[in-house]
Amino acid sequence: SFGSVPHSVCAAYNTITEEVERNPDLFIRRHLGKRVREVRQRLAAHLGAHEDECVLVPNVTHGITLILRSLPWVVGEDILIYTSTAFSQIKRNIAAVGDLPACPFLSEFTLLFPETHASILNRFARHIRALKAKARTRTTRIVALFDSIVSTPGVLMPWKAMVQLCNAEGVTSIVDAAHSLGQEANIDLSNTRPDFWVGVRHVCADAFFC
């Protein structure tokens, strides 16, 4: 990914770089932790989350993979729903999770554009309920991974309503929000309450998840 960077951002970046280069040991040992906390505080305030809920990661793909590989999957019971329009590297990592000794059953939710938000939500609800009806036990974990904005094609998803549906159905939600910051206003995670929301401050900058 590439794009123009505002002069003010370049100036701030260069100022921090010069500070690091003047004395790397001092910056890493004494100042880095404070700077990371400041970033988490700003992110939390912007997203409507708590500072302790925000974690910095190298990129969105890394963050989502970290989540998927940290969940205690039960073979033959648990289910991972993902969309047909998921980013290619995310799909590859989902396939890799499906090859682990402790792995979930993979269920693709097909998106057919053009499609209204109402249609997506209706089909998503039916997809979840059909899987729940076939689940072996009541303790079956169902996880749903979906985009806030699909990159190919560029489509805003009804992700907030999808999260609310997941919460109502007892489904763990993971939102790939790689394209949300800068394109969506009033994200307000404290109201939407996804289990995981993985975003990036800029496609060429650090990522995080809440």
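So the sequence shown is residues 16 to 225, counted in the numbering used here.
Cβ atoms here follow ideal geometry from the backbone N, Cα and C, with glycine treated the same way.
### Query
L81 and V158: beta carbons closer than 8 Å?
Not closer than 8 Å, so no.
#### Entry: Bridge partners - V190, DSSP secondary structure assignment
In DSSP, V190 forms a bridge with F161 and W212.
### Task
Name the residue from N108, A183 and V186 whose alpha carbon lies nearest to the alpha carbon of I79.
The shortest C-alpha separation from I79 is found at N108.
### Query
Taking all protein chains shown into account, do 16 or more other C-beta atoms lie within 10 angstroms of the C-beta of P119, making it buried, or fewer, making it exposed?
Around the beta-carbon of P119, 16 or more other beta-carbon atoms lie within 10 Å, marking it buried.
### Rounded separation between H65 and L47 - CA only
Computed Cα separation, rounded: 20 Å.
#### Entry: Boundaries (first-last residue) of the beta strand (DSSP E) holding E226
The structure shown has nothing for residue 226, since the chain only spans 16 to 225.
### Query
Anyone know if the C-beta pair for W174 and S163 falls short of 8 Å?
Going by C-beta atoms, W174 is nearer than 8 Å to S163.
### Task
Alpha carbon to alpha carbon, how far is P39 from M177? Give it in angstroms, no decimals.
Here the alpha carbons of P39 and M177 stand approximately 45 Å from one another.
### Task
Look at V54 and L71 and say whether their C-beta atoms are less than 8 Å apart.
At the C-beta level, V54 and L71 come within 8 Å of one another.
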